[in-house]
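Enquirer: One structure, pasted below without further comment.
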Amino acid sequence: MTLKALSSFKGQENKGCLSLVPTPIGNLGDITYRALETLKEADLIAAEDTRNTQRLLNYFEIKTPQISFHEHNTQERIPQLIAKMQAGAKIAQVSDAGMPSISDPGHELVVACIEADIPVVALPGANAALTGLIASGICPQPFLFYGFLARKNKEQQAELTKLNRQTATMLFYEAPHRLKKTLKNMESVFGSERQITLCRELTKRYEEYIRGTVAEVLAWAETSEIRGEFVMIVQGNPHPEELAETSPALELSFVEQVNLLMEQENLKPNAAIKQVAKNNNVKRQVVYNEFHKIEQ
23 MTLKALSSFK GQENKGCLSL VPTPIGNLGD ITYRALETLK EADLIAAEDT
73 RNTQRLLNYF EIKTPQISFH EHNTQERIPQ LIAKMQAGAK IAQVSDAGMP
123 SISDPGHELV VACIEADIPV VALPGANAAL TGLIASGICP QPFLFYGFLA
173 RKNKEQQAEL TKLNRQTATM LFYEAPHRLK KTLKNMESVF GSERQITLCR
223 ELTKRYEEYI RGTVAEVLAW AETSEIRGEF VMIVQGNPHP EELAETSPAL
273 ELSFVEQVNL LMEQENLKPN AAIKQVAKNN NVKRQVVYNE FHKIEQ
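Going left to right, the sequence shown walks through residues 23 to 318 as the numbering used here numbers them.
Right, dumping it as structure tokens:
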């Protein structure tokens, strides 16, 4: 296959282009001159929430028209936007805050543009995860950006169990109403002594950093009024060698692992549950609840 280098710079292509424009995560002063220029020169702005973006445009006196582009209308909008760019339109895509495509709409449109040989221009700008990381006090590299964990309790515990072998610093996003549940699951899986920093309302008036062990931060969350969106910076596992050796069985669900031990080693349910908890470095109660279908 012959690869084609596609220029993103002005004047290199006759057709339109897609510009990915980061917007402030709180403080409007963080927008760049280039972002403002791009939004002004665009023929159309594809916005996650046109009402939210309109407030930004009004503040900077930008008159460019908008079209909604979010997770619920992606399949409808992409062909429309591609057709406009193929006809020469310059489209700027924005999410409500931060970088497009990072836990926000954008990726599918980028893929469609690449397939249609339409130039894609990425502008640098605000990102909540990296902003929180560099001020967290936790080793900034290597890091793994994970975004949002699963909402359902069992699925989240399974995700964290796999991540417990990760030695790199881990970056998560979390909503205020799910914060305590996620911290409890992290304590259950990662242990109470793992270092963590909560970053709340970054760049805004009530910006806060809560630093400590998982147990300390959980105690703070249980006695505080939880408001605002959070970035969670979590230390990687400093002692991965203490975990059980990786085996294909660990890729199975806890229920499947328990049943496998009962079948292969003739263990009783409680003994198998205890062994699965040890193999996965989680509390016995986590495995017990899943095996007996007890929702927390």
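Every residue, glycine too, gets a C-beta built ideally from N, C-alpha and C.
For residue 306, collect the residues of the same chain with a Cβ closer than 8 Å to its Cβ; drop the 5 residues on either side in sequence, then sort them by chain order.
Expert: 295, 296, 299
Enquirer: Have a look at residue 282 and residue 206 and give me their C-alpha separation to the nearest angstrom.
Expert: 28 Å
Enquirer: Leaving out the 5 sequence neighbours to the left and right, which residues in its chain are closer than 8 Å to residue 56 when beta-carbon positions are compared?
Expert: 145
Enquirer: Between the beta-carbon of residue 308 and the beta-carbon of residue 179, is there less than 7 Å?
Expert: yes
Enquirer: Hey, is the region 127-146 in contact with the region 165-172, meaning 3+ C-beta pairs nearer than 8 Å?
Expert: Because the criterion of three Cβ pairs below 8 Å is not met, the region 127-146 and the region 165-172 do not touch.
Enquirer: Based on the DSSP secondary-structure assignment, which residues constitute the bridge partners of residue 254?
Expert: 194, 220
Enquirer: Buried or exposed: where does residue 109 fall if 16 or more other Cβ atoms within 10 Å of its Cβ makes it buried?
Expert: exposed
Enquirer: Thinking just about the alpha-carbon of each residue, which of 131, 60, 227, 240 is nearest to the one in residue 97?
Expert: 131
Enquirer: Per DSSP, residue 233 is paired with what?
Expert: According to DSSP, which records beta bridges pairwise, residue 233 is partnered with 219.
Enquirer: Whose C-beta lies closer than 7 Å to the C-beta of residue 37 among residues of the same chain, with five residues either side of it excluded?
Expert: 107, 108, 110, 140
Enquirer: Would you decide whether residue 268 is buried or exposed? Buried here means 16 or more other CB atoms lie within 10 Å of its CB.
Expert: Because residue 268 carries a pLDDT of 47, less than 50, the predicted location of this residue cannot be relied on, and no value is offered for it.
Enquirer: Within 10 angstroms of the Cβ of residue 42, are there 16 or more other Cβ atoms? Answer buried if so, exposed if not.
Expert: Answer is buried; the Cβ neighbour count reaches 16.
Enquirer: What residue range is occupied by the uninterrupted alpha helix (DSSP H) comprising residue 154?
Expert: 150-158
Enquirer: Compare the C-alpha of residue 211 against each of 238, 219, 181, 278 and name the closest.
Expert: 181
Enquirer: Roughly how many whole angstroms lie between the Cα atoms of residue 312 and residue 214?
Expert: Answer to the nearest angstrom: the Cα atoms are 21 Å apart.
Enquirer: Over the uninterrupted beta strand (DSSP E) stretch that includes residue 39, give me the two end residues.
Expert: 39-42
Enquirer: Could you please give me the residues that DSSP links to residue 115 through a beta bridge?
Expert: 42, 68
Enquirer: Can you tell me whether residue 216 is buried or exposed? The criterion is at least 16 other CB atoms within 10 Å of its CB, across all chains shown.
Expert: buried
Enquirer: With DSSP as the reference, label residue 228 as helix, strand or coil.
Expert: coil
Enquirer: Report the CB separation of residue 133 from residue 75 in whole angstroms; it is logged as a contact under 8 Å.
Expert: No, residue 133 and residue 75 are not in contact; Cβ-Cβ is about 23 Å, not under 8 Å.
Enquirer: Using CA atoms only, rank isn't needed, just tell me which of 229, 177, 247 is closest to residue 202.
Expert: 247
Enquirer: Whole angstroms is fine: what's the gap from residue 100's alpha carbon to residue 165's?
Expert: 32 Å
Enquirer: In or out: residue 183 buried (at least 16 other Cβ within 10 Å) or exposed?
Expert: buried
Enquirer: Between which two residues does the beta strand (DSSP E) carrying residue 166 extend?
Expert: 165-170
Enquirer: Which same chain residues end up closer than 6 Å to residue 84 when comparing Cβ atoms and leaving out the 5 residues on each side of it in sequence?
Expert: 61, 62
Enquirer: Considering only C-alpha positions, which residue in the set 40, 258, 105, 284 is nearest to residue 361?
Expert: Summary: the structure shown does not reach residue 361, with the chain confined to residues 23 through 318, and so no result is reported for it.
Enquirer: Can you tell which of 77, 287, 68 has the C-alpha that lies nearest to the C-alpha of residue 93?
Expert: 68
Enquirer: Can you tell me the Cα-Cα spacing of residue 195 and residue 251, whole angstroms?
Expert: 8 Å
Enquirer: If you drop the 5 nearest sequence neighbours on each side, which residues of the same chain put their C-beta closer than 8 Å to that of residue 88?
Expert: 66, 67, 68, 69, 72, 75, 76, 79
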